[in-house]
Structure formats: C-alpha cells, structure tokens
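Written out below as structure tokens is the structure these notes cover.
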C-alpha cells in the first residue's frame, strides 16, 4: 500500500525536496521516470505531485528558453514606488503584463521590485512607460541586466 495515502506528510520532506529538484531539472520527465530516479512507486510520485500542487508548493510547469532565445531578449530590474493604498491595483495591473517575470514587495527605497523580460530595448522602453502610467505609480528606477553571473534557477 502507498504510504502517502495512509499517512500523508504535513510538510515537505526529503522525498518531496528530491522530487522538486528533479522537476526543476526536467519538468517533462514522466511519473514513471521520476519514480525510477527516486526509487519509489509511480503511484507515490503521482500522489506527491497532486499534494504538492494542491498545497501550492508546485504551481505550474513551464518551458525555459535556452541560451540563444534568452540571449535575444533584454531583462531589467525595476524598482517601483507607489502611493499609499494603491498597491493592490498596481499589482493587478502589473500582473497583466506578459513580460513581467517576477514581482516582489520589498523593504527599502521601493515598494516593489519587478523583473521584466522584453524582446527589444524599444519594447522595454514602452513597458517602462506603461508602468509609469499606471495610476498609483509614483516613481520607477530601472537597471538593465548586462550579464547573468549566477543563475541557480537552472
């Protein structure tokens, strides 16, 4: 009998962590392949994946662009300052931008830090104008990424 059905773990354990690492390396691996790599039954992997998805630990599977594709785009970190009580609406509007890769609320000089990826510098310029035009955005400060020195998301 599958142990996850009898006594599902309440928090992330070693098996979950190893499963997540394998998914980060190749989210297209079949459940059978994942099970073989982990040394567990396929049904255990299926149950663990379902639980990780239901709990919000795994929220999706995506295609990551390789060196050539990623190299054809421009990335920028954008610090965003918003007026009081405008945060929720600003976040909603920013979330509608397909070029937005990450958005974090931060302490310090800015209220939010966004990571944008655009096809061209002209598109990045237009995005920065769009962000600046959002009601409640008081100020932005952009830093274009010149080179990625360490990427632990791979």
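Numbering (my numbering), first residue to last: 1079 to 1232.
No residue lacks a Cβ here, since even glycine has one placed at the ideal position from N, Cα and C.
Query                                                                                                                                                                                    : Result
Around the C-beta of residue 1189, are 16 or more other C-beta atoms found within 10 angstroms, so that it is buried, or is it exposed?                                                  : buried
Just curious, the alpha helix (DSSP H) that residue 1201 is in, first and last residue?                                                                                                  : 1199 to 1211
Excluding the 5 residues preceding and the 5 following residue 1096 in the sequence, name in chain order all residues of the same chain whose CB lies nearer than 8 angstroms to its CB. : 1116
Return the residue from the list 1100, 1181 and 1177 that minimises the CA-CA distance to residue 1166.                                                                                  : 1181
Is it true that the CB of residue 1151 sits closer than 8 angstroms to the CB of residue 1203?                                                                                           : no
Could you check where the alpha helix (DSSP H) with residue 1165 kicks off and where it finishes?                                                                                        : 1165 to 1173
Can you list, in chain order, the residues of its chain with a C-beta nearer than 8 angstroms to that of residue 1210? Leave out the 5 residues immediately preceding and following it.  : 1218
Can you check which of these residues, 1105, 1164 and 1161, is closest to residue 1032 by C-alpha distance?                                                                              : Within the shown structure, residues of the chain are numbered from 1079 to 1232, placing residue 1032 beyond reach of any answer.
Which same chain residues, not among the five before or five after residue 1216, have their C-beta less than 8 angstroms away from its C-beta?                                           : 1159, 1160 and 1161
Taking residue 1140 as the reference, give the member of 1154, 1118 and 1101 with the closest Cα.                                                                                        : 1101
Residue 1154 and residue 1213: beta carbons closer than 8 angstroms?                                                                                                                     : no
Quick one: is residue 1172 buried, meaning 16 or more other Cβ sit within 10 Å of its Cβ, or exposed?                                                                                    : buried
Note down the Cα distance separating residue 1201 from residue 1224, rounded to an integer number of angstroms.                                                                          : 17 angstroms
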